[in-house]
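So the structure is just underneath, and the comments pick up after that.
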Amino acid sequence: MTPEKLDWRTPRPWLAALLIGGLLLVPTISSWLGQSFYLSFATRIVIYALAATGLNLILGYGGLVSLGGSLFVGVGAYAVGISAFHGLTNGWAQLGIALVITLVIAVGCGLVSLRTRGIGFIMITLAFGQMFYFLTVSLKQYGGDDGLPVEQRSVFNPLPALDSKVALYYLALAVLLVVMYATWRLVHSRFGYVLRGFQSNERRMLAAGYPRLRYQLTAFVLSALVCALAGVLLANLTSFTSPSYLSWQASGELLLMVVLGGMGTVIGPVLGAVVLLVLEESLSGITQHWMIVLGPVILVVALVSKQGLWGAVLQWKAREHTAAAPPPSASSVPVATEGTA
Amino acid sequence: MVWTLFFSQVLNGIQLGMLLFLLAAGLTLVFGIMNFVNLSHGSFYMMGAYFAAATLARTDSFLLAGLAGVVGAMALAWVIERVALRRLYSHDHLNQVLATLGLIMFFNELVRMIWGSQPLFTAPPSWASGNFAFGDIGYPSYRLLIIGAGAAVAVGSYLLIHRTRIGMLVRASSTHADMVAALGVNARLLNTALFSVGAGLAALAGWLVGPIVSVQSGMGDTVLILALVVIVIGGIGSIRGAFYASLAVGLVDTMGRAYMPQILRGFLDRNVADAAGPALASMLIYLFMAAILAAKPDGLFPVKR
Amino acid sequence: MSFLSITGLVKRFGGLVATDRFHLELPKGELHALIGPNGAGKTTLMGQITGELAPSEGDIRLDGQSILGWDAPRRALAGIARSYQITQLLKGFSVLENVQMMVQARQGHSFRFWGPVGRQGDIVQPAMEALDHMGLAHRAHGDVMALAHGEHRQLELAMALAMKPRLLLLDEPLAGMSQAESATMIDLLKRLKGHYTILLVEHDMQAVFSLADRISVLVYGRAIACDTPSGIQRDEDVRRAYLGDE
């Protein structure tokens, strides 16, 4: 779990700092290598890391398995796309539109979805995601299935123009770092405790006097807003928006990033995004049929993953520092049957 | 003429409902009894369609194709359940979602590698092509065959579940799985069998649907989502719920797509109606699902644990 | 007027009647014990008071007000706290955090997203005090799953008390405890008497008879007797149904 204070005597903050430092240096390395592809690729990683961080809020800390993450990424992207189509290129205005629409949709979907638990919740978020996917496909005037090119990138005065790849990268990275920090603070705040409490033992929390819906709905909305942010940036990266951004496959990918990297940690989703996208990129370079490899890889990850990669790294390091305590299992505990009395 | 169209759309809706039922029946049992989120169900539908199409191409026998499709998919399901999936029953739903997503990816790519990206051709059997006459109105015989098959499975599953010992075990497992295991029933075998039968039903649907849709990679994905909507509406774990919900969803979707633009034209500008019509139609079943869930969060026929 | 008033409470699970026209008038400050053989419906009864189960019939009144239809969180905030027969702790948190969570619920809303709870005295102080009273202060920062079974039961009680309840429902607080641990717990419970209205479900007869002001005996969901401890000891029905089998 995410520690409240950074203990620089342990390896954990150092490894995290290493990762962040690496991300900060990417433009330098990329220009040194002379390949602008790396910069675009890194920007893509950072944007997905942002979306995964958003999803982690309800998934890793809230225990809510949502397959609707890509829905809100898509809302952000289309907010940019459709605005630009109609000549509105002011980034702040586009951002405002994206966040308001996300708020409305998240509250609506959240209210319906959060009335169910477990499998039902997963299915409903998936179904809502699909609903909006089909909506975007049917928007023929905005490209429909083929997608919508974004002719001009968002203008975020007074920030530098996003036509510069470096500027876009640093903007995305800045947003990611701010959101990561905010997540870290949130997890240890009152709200964070309540959210994590419900993940741990809902019955106990209800008996303590916490109404469930309002807190989980708030988390759901916050998560959606972060994903929408990622969507806004994504549309600027690719100069394109398309229904595929809202596909359930995209939601699945986000889910995988969070689990792979390590749920319930701040660094986990970022690490997951890095590893997954690098893996996909390398595999697709080797074979056209890379999905036949990635599929079973995902299956294996699902079978063995307990704490994700970040957890595995920490465990390995922890063995060198303290007497290793067995890590809490991430798999679900069977329901305690009520004793008859 | 209007009534002919209406009549065929109703039948189309029922036909879609029957196909959805074939998929939903197995899916809801796996979800309900094994508490297992099986997103790869659509892959067995697809594999059934592919096995059937490939067999048809070789043997020219529709029925043999069906046999190959169903048996092939069931065997595949049996192996996968035993080797990989059964380890996931005690895991988080999250891991189950990921694992089965991985399987979808694998199968979608597999069929592309073996059979290519182009859709595979199949045709209805000669004895079921052509139209069946309801008085003046004609309706494709093949689609009636599908409706018949679905109804037969519905009746068969009802009889199986309510009139046989196996069915009793299945019903008992859906509410008290551990108790059934404690009574000495081989729960693991029951689970594998259940999973396999579910896949078989999905493959049956895949075989039947071959002639009327494209048999290609990814065909299971959209239909899976529809099946999920069906079981959420019907109530997870309930076959009865799956049956009624399948019919409802089949009819709502078909009639919605057919009549939405017209309905909208009633109170919107024609251009707007024609543009918004298809959009609203494709969203319709999800809105329908949301409406049902707002009133009954556990579906129409929730299975009480 | 009774503080807790239960009238004609019935709970059916399909064909099974778990609670069969149960009546109870609990005055403020009384420690009322609920005893009966396994399967008598004691935990089911508790669940209906806390709001986790909805009764099929009957009424429950707290301080004169009907709480039927109130959900569990609302009842908790109204002052009903419960300790569980099967320990219900917040895994993944420390001992102190478990208690803090109970305190936090009564300190206004939790829509605060920035300030760490660890630095909020109005939550940490009362939590530490509650742990201190239970003698668990030295375990405050340890993981909650590292506690011994007896300490878990103590923590359950600490958490219930941290909610500043008016009605305390204790579901077998002594379950699984050694002689020494039980003695400590009984002592604690003695100190609670009079300060809280308590409904105690217990199998440990020594504890029950030394603590209770009155006792209800529950058999198959029905109260077959409700009297002072000495009255219960003399009751023929009770002897036959329960104490005789001990």
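Protein chains in written order, with the working numbering: chain D, 1 to 341; chain E, 1001 to 1305; chain Z, 2001 to 2246.
Every residue gets a Cβ at the ideal spot worked out from N, C-alpha and C, and that includes glycine.
DSSP places Q1262 (chain E) within a helical segment (H, G or I) once states are collapsed to three. The three-state reading of DSSP puts G2051 (chain Z) in coil, since its state is none of H, G, I, E or B.
The beta carbon of L135 (chain D) falls within 8 Å of a beta carbon belonging to chain E, placing the residue at that interface. Between N236 (chain D) and S154 (chain D) a beta carbon distance of about 6 Å is seen, short of the 8 Å cut, so the two are scored as contacting.
Among the bridge pairs identified by DSSP, C2226 (chain Z) is matched with Z:S2216. Assignment of N1186 (chain E) by DSSP, reduced to helix, strand and coil, places it in the coil class. Taking 8 Å as the CB threshold, V301 (chain D) lines the interface with chain E. With respect to the C-alpha of G2015 (chain Z), the residue from Z:S2056, Z:F2022 and Z:E2025 having the closest C-alpha is Z:S2056.
Not a single C-beta of chain D is nearer than 8 Å to the C-beta of F2003 (chain Z).
Here L213 (chain D) is exposed: its Cβ has fewer than 16 other Cβ atoms, across all protein chains shown, within 10 Å. Not a single C-beta of chain D is nearer than 8 Å to the C-beta of F1195 (chain E). The stretch 1001 to 1016 of chain E makes contact with the stretch 1251 to 1259 of chain E: 3 or more CB pairs, one atom from each, lie closer than 8 Å. In terms of Cβ geometry, L294 (chain D) and E280 (chain D) form a close pair [threshold 8 Å].
With a cutoff of 8 Å on beta-carbon distance, I1137 (chain E) and T1004 (chain E) are scored as near each other.
No Cβ of chain Z is located within less than 8 Å of the beta carbon of S223 (chain D). Residue nearest to G129 (chain D) within the set D:G268, D:L103, D:A182 and D:L71 is D:L71 (criterion: CA-CA distance). T53 (chain D) and A77 (chain D) have their C-alpha atoms roughly 17 Å apart. For L15 (chain D), the enclosing alpha helix (DSSP H) covers residues P11 to L33. Approximately 6 Å separates the beta-carbon atoms of F1021 (chain E) and F1243 (chain E); this is inside 8 Å, confirming the contact. Taking a beta-carbon distance threshold of 8 Å, L1098 (chain E) counts as an interface residue toward chain D.
Within the model, the alpha-carbon separation for T2 (chain D) versus T102 (chain D) is close to 28 Å. At least 8 Å separates the CB of F2013 (chain Z) from every CB of chain D. Looking at the DSSP output, E2025 (chain Z) shares a beta bridge with Z:S2005.
Taking a C-beta distance under 8 Å as the contact criterion, T1028 (chain E) and G1200 (chain E) do not qualify as a contact pair. For the stretch 1186 to 1215 of chain E, there are no residues whose beta carbon sits under 8 Å from a beta carbon of chain D. Per DSSP, the beta bridge partners of Y2196 (chain Z) are Z:K2193.
The continuous alpha helix (DSSP H) containing Y1045 (chain E) extends over residues H1041 to T1059. For Y1139 (chain E), the enclosing beta strand (DSSP E) stretches over residues I1137 to P1140. In this structure G209 (chain D) is in contact with R2106 (chain Z), their Cβ atoms being roughly 7 Å apart against a cut-off of 8 Å. Look at R117 (chain D) here: in three-state DSSP terms it is coil, with no helix or strand label. For E202 (chain D), no Cβ of chain Z is located within less than 8 Å of the residue's own Cβ. In the structure shown, the three-state DSSP call for S2094 (chain Z) is strand.
Contact with chain Z is found for S189 (chain D), since one of that chain's Cβ atoms lies less than 8 Å from the residue's Cβ.
Residue contact check for F2113 (chain Z) against chain D: a CB pair falls below 8 Å. Between the C-alpha atoms of W14 (chain D) and G285 (chain D) there is a straight-line separation of about 32 Å. Secondary structure of G2108 (chain Z) (DSSP, three-state): coil.
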